[in-house]
Structures are given as structure tokens and as C-alpha cells.
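Using full-length UniProt numbering, the first residue of the sequence shown is number 1, and each one after it goes up by one. Each remark here refers to the structure printed beneath this line.
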Amino acid sequence: MIKNDLFLRALRGETVERPPVWMMRQAGRYLPDFMKLKEKYDFFTRCQTPELATEITVMPIDQIGPDAAILFSDILVIPQAMNIEVQMKPGVGPWLPNPIRSAADLDRVVVPDVADSLSYVMEAIDMTKDALANRVPLIGFAGSPWTILCYCVQGQGSKNFDKAKEFCFTQPEAAHELLQRITDTTIAYLHEKVKHGVNAVQVFDSWGGMLSPVDYQEFSWKYIQQIINSLRPVTEVLVFGKGCWFALNEMSKSGAAALGVDWTCSARNARYLSGGNITLQGNFDPSRLFSPPAMIKKMVKQMIDDFGKDKYIANLGHGILPNIPVENAQAFVDAVKEY
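Written out as C-alpha cells, the structure reads:
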């Protein structure tokens, strides 16, 4: 049994003494011990070495004390497993030297046996579960099919993912074929994670807000819905769509256990748009963690007051930034625990 099951109880919509708290991207970046590992090992080495992934996953649990751990990994391990090369270039970020730009390019894209091609992730889960020793739940995650397509087609990060959108709008058949292959791989991947013991899964639709509401339905949401439908019989599914406030109503009817909200949508609007009955997660502006600890604590209390203590998971509205002082991250977590 998990000793601190506050996160799981909030996901199930149960009454809790206080909201649970964790931070997206809490494993890494802002922690000095992580930076030491970063100097020694490149990004995908850290992802692909179960011992390192475990150490990084457990670091914030030991040092900051959130109510859930999220496995250190990356959403781009999926295209790597699908035979699409992904590099992590210093100063650039994700770099895909051979992006998908045509139906012919799909010939080299496979739906892999995830138990084999992503075995290092499963080993990391096994090791992390041992290291956590049931102190807190472990979250597994994947990128949304649309967000993965954005990188596969664009070839790198982008402010507008124009090439990805052009591909979808000029070659919709090829786009939907790629999206379906990513979806099938992701479903198998998340099921494998559940088999290895993750207690919940989160789908990150980081670039969903790039699409209009109509295009979001066609190129993103219907694939996320497939993932929810397949996973919800075996685990709780959280969905975080950055900039996707316009879809909160439909998302709330999807069978997802919780919906993430970014900092541009108020608690009041998020409750209203989602119908008021589903657990919400968020939505502290990550940049606000630069504020003095006393100010952070005051703002966190206000955030919880606005969302309400129940059916709520305190979190950031996107991933924690690399240059946030550790004591400020600590103030964020402590403020929730003191509520």
C-alpha cells in the first residue's frame, strides 16, 4: 500500500484534508544534484540508463517532498522507438535530422514492440518503485500524438509549428496515418508502464494550443480520446493540454480522471468550462516561482482557495524552469502542505 496516497485520492475525487502537490518537470533542471549528473552524462544517456533515471526521479521526493513522483524520461523516446532519429542538441533542444514530410517518409516509421524497444524505461520504473518503497505514487507519462507529430514533422522546437500544420492541412491522409501509428505505440507504451507499476499516467499535449478548436478535434483530441478509452480500465489518466482551455468541456466528458490547466485560465473559468465535477490540476505560472518565497506562499494559498481543496491537485501551469531557486520550489510545496 502507498503510504501517502493523497494524489490518488484526489484523482478519484475523494474528500482530502489538503490538496496533493507535485510539479511538472520536478525531476531535474532546477536541482543542483541533477546539474552535476547533466555535466557527466548527455540527455538521452540519462533517459536510457535506468539507474540514472531512478536517481533523478527520486531526487525531488527526498529533497523537496512532493506527494507524487513522475518518472524521469522524455516524450521523444516514442519517435525514437518508431525508427525516427531524435537528438538533443545543446542550445537547440530536440533535433530530428530526418523529419517526416511526405507519405513516402512514413515507410520507415514502425509501430514497435515497446516492451523490447523501450525496455530501459520499464527497468527504470522497476528500480524507481523499489527506491520509492511505496512512499508516494509514481506517475508515468507520454506526449500526445499531436505533440509528437509536431516534432516529427517540424524537426525541432518551434514558436508556431508551421511545417507540422502545413503537413496536416496539405497531406491529411499521411498526417492521420502518422498520428494513428503514434497513438498505437503510445497506448502500448502506457499499458506496459502500468504493468510495471506506475500508479497513474499523464498525457502531455504541450502544443495542443497551436490548433484552432476545430482542428484540435481532428488532429489532437480524437487520438487522446483513444488513449483514455484504452487506459482508463486499468489506471487513472490525467490530460494536460497547454493552451487548450477551449476543449475543457469535452475533455471533462472523456473519462479522464483529471485535467491539467495552464496559468492563462483562471480557476473559476476552468471549473466552469469543465462542468465543476472533475479533478483539476495546476496552474501556478512557473515564472512566478521567481517571486520571493513569502509571496509564493501567499499566491499558492489564494490558488487553492480559488480552485477549492477537493477535486484539485496543486501543480504548476507548465514545467518548472531550470533557473528557479530550490528554496522557491520548496516554498511552493510547503505552502500546499501548510494549507
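Every residue gets a Cβ at the ideal spot worked out from N, C-alpha and C, and that includes glycine.
What number of angstroms, rounded off, separates the C-alpha of residue i from the C-alpha of residue j?
i       : j       : result
Ala-288 : Ile-304 : Here residue 288 turns out to be Arg, not Ala, going by the sequence shown. Arg-288 and Ile-304: Cα-Cα distance of roughly 15 Å.
Val-153 : Met-210 : 15 Å
Ile-227 : Lys-337 : 32 Å
Trp-146 : Leu-179 : 7 Å
Lys-222 : Ala-174 : 16 Å
Thr-45  : Met-122 : 15 Å
Cys-244 : Gly-317 : 12 Å
Pro-213 : Met-251 : 12 Å
Val-58  : Asn-4   : 15 Å
Gly-13  : Leu-248 : 17 Å
According to DSSP, simplified to helix, strand and coil, what is residue i?
i       : result
Pro-94  : strand
Leu-280 : strand
Asn-315 : strand
Gly-13  : coil
Met-85  : Note on residue identity: the sequence assigns Glu, not Met, to residue 85. Coil.
Glu-236 : strand
Phe-34  : helix
Phe-204 : strand
Gly-209 : helix
Ala-133 : coil
Val-333 : helix
Name the residue from the options whose alpha carbon lies nearest to the alpha carbon of residue i.
i       : options                               : result
Asp-306 : Arg-271, Pro-286 and Pro-292          : Arg-271
Phe-43  : Ile-61, Val-16 and Val-77             : Val-77
Pro-97  : Phe-219, Arg-46, Glu-85 and Asn-328   : Glu-85
Trp-95  : Pro-325, Tyr-120 and Ser-158          : Ser-158
Ala-267 : Ser-254, Met-23, Asn-283 and Ala-256  : Asn-283
Phe-72  : Gly-65, Asp-262, Leu-118 and Glu-55   : Glu-55
Cys-265 : Met-23, Gly-241 and Met-59            : Gly-241
Val-237 : Asn-249, Leu-248, Ser-254 and Phe-246 : Ser-254
Ser-291 : Ala-329, Asn-315, Gly-308 and Gln-87  : Ala-329
Can you list, in chain order, the residues of its chain with a C-beta nearer than 7 Å to that of residue i? Leave out the 5 residues immediately preceding and following it.
i       : result
Ile-313 : Phe-7, Ala-10, Pro-19, Pro-20, Ala-258, Thr-279 and Gln-281
Cys-150 : Phe-161, Ala-164 and Trp-207
Tyr-120 : Gln-48 and Pro-50
Met-1   : Asn-134
Using 8 Å as the limit for Cβ to Cβ distance, is residue i near chain B?
i      : result
Asp-62 : Among the protein chains of the structure shown there is no chain B, as only one such chain exists.
Less than 8 Å between C-beta atoms, sequence neighbours within five positions excluded: which residues of the same chain meet that for residue i?
i       : result
Val-194 : Gly-140, Val-201, Leu-231, Val-234 and Thr-235
Pairs of beta-carbons, one from the region 273-281 and one from the region 292-301, closer than 8 Å: are there three or more? no
Are the region 155-169 and the region 107-115 touching, with three or more C-beta to C-beta distances below 8 Å? no
Is it the case that the region 75-92 contacts the region 179-192, given that we only count it when at least three CB pairs across the two stretches are under 8 Å? yes
Meets three-Cβ-pair contact criterion under 8 Å: the region 126-137 and the region 201-220: no
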